[in-house]
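Protein chains in written order, with the working numbering: chain G, 1 to 95; chain C, 1001 to 1321.
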């Protein structure tokens, strides 16, 4: 049975939380969180770990992009899974 | 005395008002001392990591203003671009760091007479010297694998226990492996006005402050120690900026020019600090704020100004201390 989707909305703010594959972000700000399998449509991922999922829109800033599909959005800065720094616009090749 | 006297002073900035205050101090206190010590050909580069069209060139006489582009897409990559562009020496200096005494950095130039010395670090904030105030012998750093100064993570498979190395820290380790040394200047607090997190706080306000709302942003400043430090230091720098230039500091684009709206105005910061209940956090913040008060007073003294600082720290904190 597929769990009901959890929608994060604009105006919401989360700190050091983990979000699973049932989550869709539509504008929330995530500080030092872990994203694992959901759809990131808009909002800000500030630090933290993008373990898996689809990044469709929003801003990625200073986090680690471990795995997943980069489909759109703004890469402000971050790190690839080798730990290398990736400057502005330099989305990892595997994403 | 350096055997080669070409020097590139490079500093990334996101906000033109802070850069204006910073460069005023650099021109007054640092450049004349370095010139007097034999650096005859000093170039200054300011990297505009944001708001590039808001940097008024008349505020920065003699400076090359750079903007993001290939090879320097952001401020971290700029450090390496500056290294490759530098001749004999490269001086990296943080946006919220002010030398109060030009004789002090000059007193360490003799360190470069020892060939094993690759750099002098005038400020270390972590376990390893970073790039906050780092005078490098360019050739020693140019010999390291590129990118030289980039931040990195180690041990990511152990997340969240991975090790984050800030800009310049990996270079410090690589130099050590090669038998090179970074000399560290003593007693930086006596010679520097050092402010923390000011740009991070303003960038956070800019990027997501509007999305989470004014009140939530205030709460966040009360919850995150580094944000509180940045907000407090912006309050101090803004007070000095207003006194020196007669203009508001950290205004928000589209706002009516409200002083500190792009950080956290005094009333909001006072409310944020009033939420802090943990005695340990209060004590740590109070110690930090006192250190910052001394730093801004010494920087204001260089301007010939006696500043009256806004009171935002709850009285109960002082009484408890």
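Every residue, glycine too, gets a C-beta built ideally from N, C-alpha and C.
Because the structure is a prediction, the values reported are computed rather than measured.
Query: So with Cβ pairs under 7 Å, would you call residue 1152 of chain C a contact of chain G?; Result: yes
Query: Chain C beta carbons: is any one of them nearer than 7 Å to that of residue 44 of chain G?; Result: yes
Query: Give the secondary structure of residue 1159 of chain C by DSSP, where H, G and I count as helix, E and B as strand, and everything else as coil.; Result: coil
Query: Using the beta-carbon of each residue, which ones in chain G are nearer than 7 Å to residue 1156 of chain C?; Result: 64, 81 and 83
Query: Would you check if the segment 1014-1029 of chain C and the segment 1223-1243 of chain C touch, i.e. whether three or more CB-CB distances between them fall below 8 Å?; Result: yes
Query: With a cut-off of 8 Å on the beta carbons, I'd call residue 1075 of chain C and residue 1049 of chain C a contact; round off their distance for me.; Result: 4 Å
Query: Is there contact between the segment 1114-1127 of chain C and the segment 1184-1196 of chain C, where contact requires at least three CB pairs shorter than 8 Å?; Result: yes
Query: Residues of the segment 13-25 of chain G in Cβ contact with chain C at a cutoff of 7 Å, in chain order, please.; Result: 13
Query: I'd like to know whether the C-beta of residue 1042 of chain C is nearer than 7 Å to at least one C-beta of chain G.; Result: no
Query: From the DSSP output, which residues share a beta bridge with residue 1121 of chain C?; Result: C:1134 and C:1184
Query: Using a C-beta to C-beta distance shorter than 7 Å, which residues of chain C count as neighbours of residue 87 of chain G?; Result: 1073, 1074, 1076 and 1077
Query: When you compare only the Cα positions, how much space is there between residue 36 of chain G and residue 1294 of chain C?; Result: 45 Å
Query: Just mark residue 1308 of chain C as buried or exposed, buried being the case when its beta carbon has 16 or more other beta carbons within 10 Å.; Result: exposed
Query: Can you list the residues of chain C that residue 35 of chain G reaches, using a CB-CB cut of under 8 Å?; Result: Within chain C, no residue comes near residue 35 of chain G; the closest Cβ sits about 12 Å away, beyond 8 Å.
Query: Which residues does DSSP list as the beta-bridge partners of residue 77 of chain G?; Result: G:61
Query: How many Å lie between residue 1159 of chain C and residue 1196 of chain C at the Cα?; Result: 26 Å
Query: For residue 1211 of chain C and chain G, any beta-carbon pair shorter than 7 Å?; Result: yes
Query: Which of the three DSSP states, helix, strand or coil, is assigned to residue 1086 of chain C?; Result: coil
Query: Measure the CB-CB distance between residue 1067 of chain C and residue 1010 of chain C and report whether it falls below 7 Å.; Result: no
Query: Return the CA-CA distance between residue 14 of chain G and residue 1104 of chain C, expressed in angstroms with no decimal places.; Result: 45 Å
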